[in-house]
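First the structure, in the form of structure tokens, and then the observations on it.
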Amino acid sequence: MGPQLLGYVVLCLLGAGPLEAQVTQNPRYLITVTGKKLTVTCSQNMNHEYMSWYRQDPGLGLRQIYYSINVEMVDKGDIPEGYNVSRKEKRNFPLILESPSPSQTSLYLCASSLSTVLHSQLLSAQKQRVAARTRRLLLQETPRRPTG
Numbered sequence: 078m079g080p081q082l083l084g085y086v087v088l089c090l091l092g093a094g095p096l097e098a099q100v101t102q103n104p105r106y107l108i109t110v111t112g113k114k115l116t117v118t119c120s121q122n123m124n125h126e127y128m129s130w131y132r133q134d135p136g137l138g139l140r141q142i143y144y145s146i147n148v149e150m151v152d153k154g155d156i157p158e159g160y161n162v163s164r165k166e167k168r169n170f171p172l173i174l175e176s177p178s179p180s181q182t183s184l185y186l187c188a189s190s191l192s193t194v195l196h197s198q199l200l201s202a203q204k205q206r207v208a209a210r211t212r213r214l215l216l217q218e219t220p221r222r223p224t225g
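In terms of my numbering, the sequence shown is numbered consecutively and its last residue is 225.
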């Protein structure tokens, strides 16, 4: 049997700690194989109705994955393919990667606000402030050693 590729997902915290940020993402670190369902939870304690998930790739800036304007009210952003969300509670907005792949290696961030203005239209300065509460999702391909 030929070598198979395995990917490892590493979720790392970048930016402010939980005492400074009232928007938090969990888990702090995670390792899994490519293709295994992955959930990253975004929580906020400010009673905000609007929450959103973004992805930032080198040279592309922020792109919205999904957003929610309240409990059970979610909609697709610019790049929803390969992701899913749900919002059963006002404070939580989990991002689900159904089958993570190396192409999903990116900088991910969650934001919340009182406003329901489309966050895909945020000014660059606003996006930079939001980016302080981020996690980086890394998927690396490594060949499996042949058995024999």
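Every residue, glycine too, gets a C-beta built ideally from N, C-alpha and C.
Would you tell me roughly how many angstroms separate the C-alpha atoms of residue i and residue j, rounded to the nearest one?
i	j	result
Leu139	Ser176	22 Å
Val100	Arg168	9 Å
Asp155	Val148	21 Å
Leu186	Asn122	16 Å
Asp152	Tyr127	11 Å
Tyr131	Lys113	21 Å
Val162	Leu172	5 Å
Ser190	Gly136	26 Å
Gln203	Thr118	With a pLDDT of only 45 at Gln203, under 50, the local geometry of the prediction cannot be trusted, and the value read off the model is given with reservation. The straight-line gap from Cα to Cα measures roughly 22 Å.
Apart from the five residues just before and just after residue i, which ones in its own chain have a Cβ nearer than 8 Å to its Cβ?
i	result
Met150	Arg164
By Cβ distance below 6 Å, which residues in the same chain neighbour residue i in space, the five residues on each side in sequence not counted?
i	result
Gln133	Leu139, Leu184
Ser120	Thr101, Arg168, Asn169
Thr116	Pro171, Ile173
Looking only at DSSP bridge pairs, what is residue i linked to?
i	result
Thr118	Asn103
Asp155	Paired residues: none, contrary to the question.
Asn124	The partner list for Asn124 (beta bridge, DSSP) is empty, contrary to what the question assumes.
Gly138	Asp134
If contacts are defined as beta-carbon pairs under 8 Å, then residue i and residue j qualify, I think. What distance do you get, rounded to the angstrom?
i	j	result
Tyr160	Ile142	5 Å
Note down, in chain order, each residue of its chain lying with its Cβ closer than 7 Å to the Cβ of residue i, except the 5 sequence neighbours on either side.
i	result
Asn124	Lys167
Pro157	Ile142, Tyr143
I'd like to confirm something about residue i: is its beta-carbon nearer than 7 Å to some heavy atom of the ligand SAM, or not?
i	result
Gln133	Here there are no bound small molecules, and the ligand SAM is not part of this structure.
Ranges of the beta strand (DSSP E) found wholly within the segment 162–186, counting only runs of at least 3:
172–174
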